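Undergrad: Numbering (full-length UniProt numbering), first residue to last: 1 to 193.
Here a beta-carbon is modelled for each residue, glycine too, at the ideal position from N, C-alpha and C.
Bear in mind that the values here come from a model prediction, so they are computed numbers and not experimental data.
The structure's right below; bear with me while I get my questions together.
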Amino acid sequence: MILNRIKNLFSLCYSQCVYKIMMKAFGTKSRIISPMLIVNAKNISIGNNVLIRNGIRLEVVEPQNDIVIEIGDNVNIEQNCHIIGRVKVNIESNVTITGNCSIVDVTHPYKDINDTTKIGERISSTELPVKIGTGSFIGFGSHIAPGVTIGKYCVVGAGSVVTKSIPDYTVVAGAPAKILKRYSFEENEWVSE
Numbered sequence: 001m002i003l004n005r006i007k008n009l010f011s012l013c014y015s016q017c018v019y020k021i022m023m024k025a026f027g028t029k030s031r032i033i034s035p036m037l038i039v040n041a042k043n044i045s046i047g048n049n050v051l052i053r054n055g056i057r058l059e060v061v062e063p064q065n066d067i068v069i070e071i072g073d074n075v076n077i078e079q080n081c082h083i084i085g086r087v088k089v090n091i092e093s094n095v096t097i098t099g100n101c102s103i104v105d106v107t108h109p110y111k112d113i114n115d116t117t118k119i120g121e122r123i124s125s126t127e128l129p130v131k132i133g134t135g136s137f138i139g140f141g142s143h144i145a146p147g148v149t150i151g152k153y154c155v156v157g158a159g160s161v162v163t164k165s166i167p168d169y170t171v172v173a174g175a176p177a178k179i180l181k182r183y184s185f186e187e188n189e190w191v192s193e
């Protein structure tokens, strides 16, 4: 118990000292525990009271904006998540992203069979920003594809592949993800599709 408190305090102090210098912005009481990879930190902005757990990959490739990855206040990102951006990945406040999720705004062109560059190193110039709305929940092992907007207060079921934008107050699941429920303000409950 005491050892955990000491570790948490150390991680908070380390994060506040190091990431405030490295990143465009790093909010009060925010912390990153044992990141796997952070690339182009100067193009990343993190709000207040954000917790990012072990194994995060925050990568900005060929940045097209001053802030490419923007994370709001009170966001929780669990272990081994990958967030990769070129144009804009915007995660609004009060979002929960569970473990092993990926969120990307880049694609790797593969159609030119004469291009000797590895497909994984090819980056499309097409702009496909991603947005996750306030209060949304992304279930374990989900993938949010380039160009997707997830509305506010949405739930993405575990293992989902979200390839199309989804409106506010919806529950989606599957590969590809499909809408299962919507919140009805008239009935004050979640209604199946």
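For the structure I just gave you, are there three or more beta carbon pairs, one from the stretch 121-139 and one from the stretch 81-91, closer than 8 Å?
TA: These segments touch.
Undergrad: So which of D73, T107, N76, C101 has the shortest CA-CA distance to G85?
TA: Checking every option, the nearest Cα to that of G85 belongs to T107.
Undergrad: Using a threshold of 9 Å, state whether the C-beta atoms of K164 and A177 are closer than that.
TA: Cβ atoms of K164 and A177: closer than 9 Å.
Undergrad: Please return the same chain residues whose Cβ sits closer than 8 Å to the Cβ of L12, not counting the five positions on each side in sequence.
TA: Counting only Cβ-Cβ distances below 8 Å, and skipping sequence neighbours, we find K29, R31.
Undergrad: Which runs of the beta strand (DSSP E), 3 residues or longer, sit entirely within the stretch 74-123?
TA: Counting whole runs of 3 or more residues, the stretch 74-123 contains the beta strand (DSSP E) stretches 82-85, 89-91, 102-104.
Undergrad: Please report the distance separating the alpha-carbon of N8 from that of Q79.
TA: Their Cα atoms are separated by approximately 16 Å.
Undergrad: What separation, rounded to the nearest whole angstrom, lies between the Cα atoms of Y14 and I33?
TA: Using only the alpha carbons, I get a separation of about 9 Å.
Undergrad: To the nearest angstrom, report how far apart M36 and G151 are at their CA atoms.
TA: Near 29 Å, if we compare the C-alpha coordinates of G151 and M36.
Undergrad: Have a look at A77 and E186 and give me their C-alpha separation to the nearest angstrom.
TA: According to the sequence provided, residue 77 is Ile. The question's Ala does not apply to it. Looking at the two C-alpha atoms, the distance is approximately 33 Å.
Undergrad: Mind checking who I144 pairs with in its DSSP beta bridge?
TA: Paired residue(s): I103, V162.
Undergrad: With distances taken Cα to Cα, identify the nearest neighbour of V156 among V191, T96, K118, P146.
TA: The shortest C-alpha separation from V156 is found at T96.
Undergrad: Would you kindly check if the distance between the Cβ of E70 and the Cβ of I44 is under 9 Å?
TA: Contact: yes.
Undergrad: Would you check if the distance between the CB atom of P146 and the CB atom of D112 is smaller than 9 Å?
TA: No; because the gap between Cβ atoms is not below 9 Å, this pair is not in contact.
Undergrad: According to DSSP, E189 sits in a beta bridge with which residue or residues?
TA: E189 pairs with S184.
Undergrad: What residues in its chain sit with their C-beta under 8 Å from that of N40, if we drop five residues either side in the sequence?
TA: Cβ neighbours of N40 beyond the five flanking positions: E59, V60, V61, P63, V68.
Undergrad: So, C154 versus S136, is the Cβ gap smaller than 9 Å?
TA: In this structure, S136 lies closer than 9 Å to C154 by Cβ.
Undergrad: Ordered along the chain, which non-local residues of its own chain (more than five positions away) have a Cβ less than 7 Å from that of F26?
TA: So the qualifying residues of the chain are Y19, K20, I46.
Undergrad: Taking buried to mean at least 16 other C-beta atoms within 10 Å of its own C-beta, is Y110 buried or exposed?
TA: Exposed: under 16 other Cβ atoms inside 10 Å.
Undergrad: Considering only residues of the same chain and omitting the five flanking positions on each side of I52, which have a CB-CB separation below 6 Å?
TA: For I52, where only same-chain residues beyond five positions count, the Cβ hits under 6 Å are I32, I77.
Undergrad: Bridge partners of residue 194, per DSSP?
TA: Coverage of the chain is limited to positions 1 through 193, which leaves residue 194 absent and any answer about it impossible.
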